[in-house]
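Written out below as structure tokens is the structure these notes cover.
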Amino acid sequence: MLVALDKYGSITLPAPLRQKLGLENEIYLELSLEDDGAIVLYPVNVQRNIRLNQKGLNKLEQARKSGTGQLPEWLTEDMKNAEADTDQQIP
């Protein structure tokens, strides 16, 4: 299957190939270069990482308890397990 590299360095995977592989929009692909020059792509999951200091966690807890406002679903899910990052100081 022939694909072209555009002026921005991007390629488009043809729809039949994406469908066959079950790739959906906004998926991340890891690219590796093999010793023989082959380019290999494989899908990966990217996990968001939210880091808060204790002050930020306190504000987050207040927001949780208030029950007001609408946050993106991904943030709501991430907040369920939020905890202080004791390994690194955040101003």
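Heads up: the sequence shown runs through residues 71 to 161, numbered per our numbering. Beta carbons: idealized from backbone N, C-alpha and C, even for Gly. Just so you know, these numbers come straight off a predicted model, no measurement behind them.
Residue i - DSSP class collapsed to helix/strand/coil
| i | result |
| --- | --- |
| GLU100 | strand |
| LEU177 | Here the chain has residues from 71 to 161 only, and residue 177 is not among them. |
| PRO161 | In this predicted model, PRO161 has a pLDDT of only 48, less than 50, meaning its place in the structure is not dependable enough to derive any value. |
| LEU111 | strand |
| MET149 | helix |
| GLN140 | coil |
Pick from the options that is closest to residue i, judged by C-alpha positions
| i | options | result |
| --- | --- | --- |
| ARG121 | LEU145, VAL114, ILE81, LEU99 | LEU145 |
Identity of the residues DSSP links to residue i by a beta bridge
| i | result |
| --- | --- |
| LEU83 | LEU83 is not bridged to any residue. |
Cutoff 8 Å; reference residue i; Cβ partners in own chain excluding five residues on either side
| i | result |
| --- | --- |
| TYR98 | PRO113, VAL114, ASN115, VAL116 |
Close beta carbons around residue i, own chain, < 7 Å, minus the five adjacent residues each side
| i | result |
| --- | --- |
| SER102 | VAL110 |
*Can we say the segment 103-111 touches the segment 127-134, given the rule of at least three CB pairs closer than 8 Å?*
Touching, no, given that fewer than three Cβ pairs across the two stretches are closer than 8 Å.
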